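A.B. asks: Residue numbers (this note's numbering), protein chains in the order written: chain F, 415 to 766; chain X, 415 to 766; chain G, 415 to 766; chain Y, 415 to 766. Glycine included, each C-beta is placed from N, C-alpha and C at the ideal position. Keep in mind that this is a model prediction, so the values were computed, not measured.
4 protein chains.
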Amino acid sequence: MPGNSFGKAFKMTTFGESHGKGMGTVIDGCPSKIALSEEDFVKEMARRRPGRTAFDTPRSETDRVEILSGVFEGLTTGAPIALLIRNHDVESKPYEPLRELFRPGHADYTYFKKYGHFDFRGGGRSSARETAARVAAGVIARKVLGHLEIQIMAFTLELGGIRAATIDPDVINTNPFYCPDVNAVDQMRDVISKAGDEGDSIGGIVEVRVFGCPAGFGEPVFDKLSADLAKAVMSVGAVKGMEIGAGFGAARLRGSQNNDQITPDGFRTNHAGGILGGISNGDDIVLRVAVKPIPSIMKAQETIDRNGRPAMLKLKGRFDISAVPRMVPVLEAMVAMVLADHYLRTRCHDAG
Amino acid sequence: MPGNSFGKAFKMTTFGESHGKGMGTVIDGCPSKIALSEEDFVKEMARRRPGRTAFDTPRSETDRVEILSGVFEGLTTGAPIALLIRNHDVESKPYEPLRELFRPGHADYTYFKKYGHFDFRGGGRSSARETAARVAAGVIARKVLGHLEIQIMAFTLELGGIRAATIDPDVINTNPFYCPDVNAVDQMRDVISKAGDEGDSIGGIVEVRVFGCPAGFGEPVFDKLSADLAKAVMSVGAVKGMEIGAGFGAARLRGSQNNDQITPDGFRTNHAGGILGGISNGDDIVLRVAVKPIPSIMKAQETIDRNGRPAMLKLKGRFDISAVPRMVPVLEAMVAMVLADHYLRTRCHDAG
Amino acid sequence: MPGNSFGKAFKMTTFGESHGKGMGTVIDGCPSKIALSEEDFVKEMARRRPGRTAFDTPRSETDRVEILSGVFEGLTTGAPIALLIRNHDVESKPYEPLRELFRPGHADYTYFKKYGHFDFRGGGRSSARETAARVAAGVIARKVLGHLEIQIMAFTLELGGIRAATIDPDVINTNPFYCPDVNAVDQMRDVISKAGDEGDSIGGIVEVRVFGCPAGFGEPVFDKLSADLAKAVMSVGAVKGMEIGAGFGAARLRGSQNNDQITPDGFRTNHAGGILGGISNGDDIVLRVAVKPIPSIMKAQETIDRNGRPAMLKLKGRFDISAVPRMVPVLEAMVAMVLADHYLRTRCHDAG
Amino acid sequence: MPGNSFGKAFKMTTFGESHGKGMGTVIDGCPSKIALSEEDFVKEMARRRPGRTAFDTPRSETDRVEILSGVFEGLTTGAPIALLIRNHDVESKPYEPLRELFRPGHADYTYFKKYGHFDFRGGGRSSARETAARVAAGVIARKVLGHLEIQIMAFTLELGGIRAATIDPDVINTNPFYCPDVNAVDQMRDVISKAGDEGDSIGGIVEVRVFGCPAGFGEPVFDKLSADLAKAVMSVGAVKGMEIGAGFGAARLRGSQNNDQITPDGFRTNHAGGILGGISNGDDIVLRVAVKPIPSIMKAQETIDRNGRPAMLKLKGRFDISAVPRMVPVLEAMVAMVLADHYLRTRCHDAG
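Here it is, written out as structure tokens:
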């Protein structure tokens, strides 16, 4: 059954495989008369693009976004906006051995069980390359939110156990890890470098903060803003957990500690992470996302082939050592999608 | 915009307020010829019912489920199954002071901001009583899964900082906290008792395990099983975080540690929590849910009234001291809903 | 799979069977702060109620609508509004013979084929009584549209071959057939009376006109206003065709005849029936609906039993002789649902 | 709000404008392991292609379908299938005068009212060219239905008042009008030729028949097969009415005439058009669709400009004289979409 669409009032449908013709998305529900051009995508696509650092896959993709529809004379028309990002650097031969063997930690096994066969080249549909379409969609989402003065800022809170001690927005984009702590950058470089040298990989935690979100976004009871954010970020490959505000820490607080008392000037604290009863409360939205280490490692691993026979797998080639940095723009895009969707949904209301 | 439905192939729509006429749900998409009677709901409703312990609200509700439609001569017909749970013990007077004041940590403020007014009696639509409808729906979800031999088991992993050290399924239902560790029960009783004595409340962590789920449930890329589980549990009031398998812990593992190597007899480990690429892999599904402390406390708190003027709030009456234990059957129900939905969605497939 | 919901921004989910506990609906997406009480339903429910004339089933139902949720202190809250109409006059014994025999022209055969069994009492879920929930929902839809000054007027254009020659709005509610032509009322009475005397039934055509609908309702390309109206009216039992504006007549016109030329004061003609490119154009919306004769007749008919063996069926009891008059308020309700849905959907737009 | 998707279990989302980069669709929900190649689209695309006759627009499009995703080694993978049909012959200059003037009978006026501006080149999103994506999607729908031995056959029942008197399947594809009556072909040619000579256009009626559809397709009560077929065909531009089985004729029959009596060998008649209670009954599905005359005519017409000032419009260039023939493959595709969707939906059921 269909599972490649996200959003109700502002909806993206994505398609594409890692080593197919390209990745793409159709955005349905974008209001008309919003300025949009292909140049608008360049910056965000570059933030996600592979090959930015020595620790990334060296796959070279320009990731140019072609607008196929929905824009006329520089403005959105209200018709669906189709975006296409052609794949170029698709070297499929290295994946031939994977025709028979399932890579541990990857989706090979489950796709095979579900579909009976699959495009194993670079992970096919399950590849992290799929997030290119999300980032492109996120650019439009931010345009929809444009006049609301909402700011979405994600960063690497933790990488391979190294945690940023300070959050300086000006630092985030000055280093390839999107680390907000100038003092942690070198440690992050060390830990990722060391893991790479050992043929291994590392995970981490990304934090996303939203400033300026008005109160009132979110639809009780199942489409709570928190629930839709959870679905959005958990739908990204390699994400294994998420929390909002105090999150798992709230489990160990008392009510008198966790409650955010209210004053005429706002909330005294923000343990809620900006969401109460599933609806934004006007405070900053804060969420953290746990990212597992990339499963593609250079070490020998036990696995089985398609017939269930045991085998050893030792990957060759070069892969990302961590998914974390490149996930920063992806998670920003997903949060933007959720906010744009709920912004438009909220507009349906006050008819009474 | 509508937000009170969950599921695509197996869908529940819920309604009702804490102090209105009752809570209810309409289940659409239940296959026909499944045996169902009002007695089937008694046990699960009792597990969630308030007033089971000295630490719960003493509100007395029989929580009898009336089947309004969709069942004929003891069997489901394929038509929508409407369930109604009448409210009985609805004493609304104690809530009169809340007509003007927002309770910190509650949804009062955001509902007011969003809707302009709201049913403040007992939290109205945002009340934990809303979960009664979910538990009732979950009973039907389990029936749909019935012949698959799937077992769903939730328990209180942690309560007010006390963590279960062992997981003994036989212990879970022998104590009011659904604690799986016989040695932790008394400590949990102490911590909840102490918090209550001090007019305070506590949070905790619930773990849910699913045994026997076949490989192949979940629809890439947005309706991943993990994403739908995340949405399901994060849609429950008071939940502030969730993780699957190794979860946040995976963020600190290396790929060589986190990957679950594969043998002809199954996976060597289960850091994935039973889900790879958003699709169940046949191993146990494991997820943990962070529950914040109940915001209703007896201590004085700063707040504002509907006109934004500062005020002090000191609640009277008796409330649950922790949402955790009663959330155990609720989370089981939500997981059952997701599985039933994906089970039916999976049935659409292999037409090729 | 679920099929009991209608609408995207303003959604109703209905449930119930003819001889079960009752009929009901859950409305999700109704804006807050709209005045609503149980009295608001009385008039429309009475227009649809059986037993208004000698030609109807004498089943006696008060069709009182109970509001179960979503209204607080007389105003909608934005939470789902559940409505319940209890069945009272449910005499099921006369239907016992139908346990084995399929009634020609009814859904018995297809429900049995699809579901393996069904609630055959009075047609169960496929009964015309199902439309009671639609009429109740339509009352709320009109409230949502309230301040727009939209008027929805349906009437019996044709009954058993007798066609209204004039359309006088003041006449419609003065006769039990909702006939708009004072001179056709007696002929309609004669034709229905004659058919009833012969144990037979008749069909007809209902026309619906909408005055005051603003331009801009409808979402290209699949959720055109015309497409959603078509689905809405074709989802009502016994409806076998629908047309908008010139409809089937347009198939025989030339473009120069059919085009509605445009002047500063509006369109010169209205062959389009108020919809161009699937979007309302501000002119009156006009649609016609073909209603088949009631399949319950007193004449002997060939049929088969559940085992495929031939049988003769001769119904006893009393049924409506025509579905047409009672369909007038039902079709008004469905058109109101579509307009309310598209009104709210349209509100998402102009964000640019 | 989004309106460019159709189907629930088998879903297409379309995009594109007449004079933009191209038309396309994303199919989500196609089962895996179905053989599919770009060659599979050639025949159906050719049936819809403009320029087949002297009465069509001479626009020359090869309408080659590029598969962008979802197919691996010749088989569908279960991932979304994106199809792109590049526009080539896009001469936009002739449309410059339409920047200011609304064409009567077209969607220009309503798009402008709704969106504030629009791609007026060739009608933009509202162009009949949009149906190219539907035909491409329909090819996949038929593949999904492949092993069921369902046959879908559409033909021109009536063109400009000329009605086919006999239905010979072998004749349909031997003439450019898809007329099933060898004796009516010349008359149809005459009537369309005469209208063209006079700078006018004509409408007609298309009939669609489905052979071999199993009983059980359709989901009560809103997603009846009849309701979804109605929405599907009414969503096609220029369609103004639809009827199933006896349709509007049933409004003048008595129940004793209209009921299809049942025998062990099937139904004695097929006034129901293969659908009872919204569910297929195993008999042939029969529906008829009213198509208005093409609004683009060479005659002078009154209209207004974007500022509401009166103007006269006289189109130049060459357009189709009738939409009817090219609609035959489009309606077949839409019916195939509905059947594929309901086929997959039906597979969710019998779990009991």
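Under three-state DSSP, which class holds G:V749?
C.D. replies: The residue you call residue 749 of chain G lines up with position 335 of the third sequence. If DSSP states are grouped into helix, strand and coil, G:V749 belongs with the helices.
A.B. asks: Tell me whether the beta-carbon of G:M748 lies closer than 8 Å to the beta-carbon of G:A598.
C.D. replies: Residue 748 of chain G sits at position 334 when you count from the first residue of the third sequence. Residue 598 of chain G sits at position 184 when you count from the first residue of the third sequence. No, they are not a contact pair.
A.B. asks: Using the beta-carbon count (16 or more within 10 Å), is X:H502 buried or exposed?
C.D. replies: Stepping through the second sequence from its first residue, residue 502 of chain X is reached at position 88. Exposed: under 16 other Cβ atoms inside 10 Å.
A.B. asks: Return yes when the Cβ of F:F532 is within less than 8 Å of the Cβ of Y:T491, no when it is not.
C.D. replies: The sequence position of residue 491 of chain Y within the fourth sequence is 77, counting from 1. The sequence position of residue 532 of chain F within the first sequence is 118, counting from 1. Yes, the Cβ-Cβ distance between Y:T491 and F:F532 is below 8 Å.
A.B. asks: Chain G beta carbons: is any one of them nearer than 8 Å to that of Y:S640?
C.D. replies: Position 226 of the fourth sequence, counting from 1, holds the residue named residue 640 of chain Y. Yes, because at least one Cβ of chain G sits closer than 8 Å to the Cβ of Y:S640.
A.B. asks: What's the C-alpha gap between F:A765 and X:K527?
C.D. replies: In the first sequence, residue 765 of chain F corresponds to position 351, counting from 1. In the second sequence, residue 527 of chain X corresponds to position 113, counting from 1. With a pLDDT of only 38 at F:A765, under 50, the local geometry of the prediction cannot be trusted, and the value read off the model is given with reservation. Approximately 15 Å between the Cα atoms of the pair.
A.B. asks: Quick check for students: name the residue ranges of the beta strand (DSSP E) that lie wholly in the region 544 to 627 of chain G, counting only runs of 3 or more.
C.D. replies: 565 to 573 and 618 to 625
A.B. asks: For G:G537, does the three-state DSSP call read helix, strand or coil?
C.D. replies: To locate residue 537 of chain G, count along the third sequence from 1; it is residue 123. In this structure, G:G537 counts as helix in the three-state DSSP scheme.
A.B. asks: For the alpha helix (DSSP H) holding G:D642, just list the boundary residues, first then last.
C.D. replies: Start at 1 with the first residue of the third sequence, and residue 642 of chain G comes out as number 228. Start and end: L639 to M648.
A.B. asks: In the structure shown, what three-state DSSP assignment does F:P743 receive?
C.D. replies: Counting from 1 along the first sequence, the entry for residue 743 of chain F is found at position 329. If DSSP states are grouped into helix, strand and coil, F:P743 belongs with the helices.
A.B. asks: Determine the burial state of F:D584: buried for a count of at least 16 other Cβ atoms within 10 Å of its Cβ, exposed for fewer.
C.D. replies: By 1-based counting over the first sequence, the position of residue 584 of chain F is 170. Classification for F:D584: exposed.
A.B. asks: With distances taken from CA atoms, which of Y:D611, Y:E563 and Y:L450 is nearest Y:P628?
C.D. replies: Counting from 1 along the fourth sequence, the entry for residue 628 of chain Y is found at position 214. It is Y:E563 whose Cα lies nearest to the Cα of Y:P628.
A.B. asks: Kindly indicate if chain G contains any beta-carbon less than 8 Å away from that of Y:A765.
C.D. replies: The count along the fourth sequence starts at 1 and reaches residue 765 of chain Y at position 351. For Y:A765, the predicted structure reports a pLDDT of 38, less than 50, and the residue's modelled location is therefore unreliable. The matter cannot be settled from this model.
A.B. asks: Taking the alpha-carbon of F:G618 as reference, which of F:V479, F:I693, F:F569 and F:N684 has the nearest alpha-carbon?
C.D. replies: Position 204 of the first sequence, counted from the start, is the residue given in the question as residue 618 of chain F. Of the listed residues, the one whose Cα sits closest to F:G618 is F:F569.
A.B. asks: DSSP state of F:Q715, grouped into three classes?
C.D. replies: Your numbering for residue 715 of chain F matches position 301 in the first sequence. DSSP places F:Q715 in the strand class (E or B) of the three-state scheme.
A.B. asks: For F:E436, which residues in the same chain have their Cβ closer than 7 Å to its Cβ, ignoring the five residues on either side in sequence?
C.D. replies: As a working note, residue 436 of chain F is residue 22 in the first sequence. It is Gly, not Glu, that sits at residue 436 of chain F in the sequence shown. If we look at F:G436 and ignore the five residues flanking it on each side, its Cβ neighbours are G430, L498, I499, R500 and N501.
A.B. asks: By a C-beta neighbour count over all protein chains shown, 10 Å radius and 16 as the cutoff for buried, is F:N767 buried or exposed?
C.D. replies: Residue numbering for chain F in the displayed model covers 415 to 766; residue 767 of chain F lies beyond these limits and cannot be assessed.
A.B. asks: Should the region 750 to 759 of chain G be called in touch with the region 631 to 643 of chain G, which here means at least 3 C-beta pairs below 8 Å?
C.D. replies: In this structure the region 750 to 759 of chain G lies against the region 631 to 643 of chain G, because at least three pairs of beta carbons, one per stretch, are closer than 8 Å.
A.B. asks: If we cut at 8 Å on Cβ distances, does F:A496 have a partner in chain Y?
C.D. replies: Numbered from 1 along the first sequence, position 82 holds the residue referred to as residue 496 of chain F. Interface criterion met: the Cβ of F:A496 is under 8 Å from a Cβ in chain Y.
A.B. asks: Per DSSP, what kind of secondary structure is X:L701 in: helix, strand or coil?
C.D. replies: Taking the second sequence and counting its residues from 1, the one referred to as residue 701 of chain X is at position 287. X:L701 falls in the strand class under three-state DSSP.
A.B. asks: Locate the beta strand (DSSP E) running through G:V440, then write down its first and last residues.
C.D. replies: Translated into the one-based positions of the third sequence, residue 440 of chain G becomes position 26. Secondary structure note for G:V440: its beta strand (DSSP E) is the uninterrupted segment G436 to D442.
A.B. asks: Counting only C-beta atoms, is Y:E431 closer than 8 Å to chain F at any point?
C.D. replies: As a working mapping, residue 431 of chain Y is identified with position 17 in the fourth sequence. It does: the Cβ of Y:E431 has a partner Cβ on chain F nearer than 8 Å.
A.B. asks: So the alpha helix (DSSP H) X:T524 belongs to, where does it begin and stop?
C.D. replies: As a first step, residue 524 of chain X is located in the second sequence; it is residue number 110 there, counting from the start. X:T524 -> alpha helix (DSSP H) spans D522 to Y529.
A.B. asks: Could you check what DSSP says for X:R725 in three-state terms: helix, strand or coil?
C.D. replies: Translated into the one-based positions of the second sequence, residue 725 of chain X becomes position 311. A small correction: the amino acid at residue 725 of chain X is Ala; Arg does not occupy that position in the sequence shown. Note: X:A725 maps to strand in three-state DSSP.
A.B. asks: Which of the three DSSP states is assigned to X:G766 in this structure?
C.D. replies: Counting from 1 along the second sequence, the entry for residue 766 of chain X is found at position 352. Reliability fails at X:G766, whose pLDDT of 36 lies under 50, so the model's placement of it is uncertain and no value is given.
A.B. asks: Starting from the N-terminal side, write out each stretch of the alpha helix (DSSP H) that is 4 residues or longer and does not extend beyond the region 447 to 502 of chain F.
C.D. replies: The qualifying runs are 456 to 462.
A.B. asks: Give a yes or no on whether the minimum CB-CB distance between Y:A423 and chain X is below 8 Å.
C.D. replies: In the fourth sequence, residue 423 of chain Y corresponds to position 9, counting from 1. By this cut-off, Y:A423 is an interface position.
A.B. asks: Which residues share a DSSP beta bridge with F:R426?
C.D. replies: Residue numbering aside, residue 426 of chain F sits at position 12 when the first sequence is read from its first letter. Looking at the sequence provided, one finds Met at residue 426 of chain F rather than Arg. Per DSSP, F:F420 and F:I441.
A.B. asks: Between G:S607 and chain Y, is any beta-carbon pair separated by less than 8 Å?
C.D. replies: The residue labelled residue 607 of chain G in the question sits at position 193 within the third sequence. So no, G:S607 is outside the interface.
A.B. asks: Answer yes or no: does any C-beta atom of chain F fall closer than 8 Å to that of Y:N501?
C.D. replies: Sequence index remark: in the fourth sequence, residue 501 of chain Y carries index 87 (1-based). For Y:N501, the answer is no, since every Cβ of chain F falls outside 8 Å of its Cβ.
A.B. asks: Tell me whether Y:G626 is buried or exposed, calling it buried when 16 or more other Cβ atoms sit within 10 Å of its Cβ.
C.D. replies: If you number the fourth sequence from 1, residue 626 of chain Y lands on position 212. Classification of Y:G626: exposed, given that the 10 Å Cβ count is below 16.
A.B. asks: Nearest to F:T683 by alpha carbon, out of X:V653, X:E480, X:A660 and X:P518?
C.D. replies: Residue mapping note: residue 683 of chain F aligns to position 269 of the first sequence, counting from 1. Here the closest residue by C-alpha is X:P518.
A.B. asks: At what residue ranges does the region 649 to 698 of chain X contain a whole run of the alpha helix (DSSP H), taking only runs of 4 or more?
C.D. replies: Runs found: 669 to 672.
A.B. asks: Kindly list the residues whose CB is nearer than 7 Å to the CB of X:S483, restricted to its own chain and excluding five residues on each side of it in sequence; keep chain order.
C.D. replies: Along the second sequence, one-based indexing puts residue 483 of chain X at 69. Same-chain partners within the cutoff: A493, P494, I495 and A496.
A.B. asks: Is the separation between the beta-carbon of G:E514 and that of Y:K654 shorter than 8 Å?
C.D. replies: Taking the third sequence and counting its residues from 1, the one referred to as residue 514 of chain G is at position 100. Taking the fourth sequence and counting its residues from 1, the one referred to as residue 654 of chain Y is at position 240. Contact flag unset, no.
A.B. asks: Give the straight-line distance between the Cα atoms of X:A449 and X:R603, rounded to the nearest whole angstrom.
C.D. replies: Along the second sequence, one-based indexing puts residue 449 of chain X at 35. Along the second sequence, one-based indexing puts residue 603 of chain X at 189. About 39 Å.
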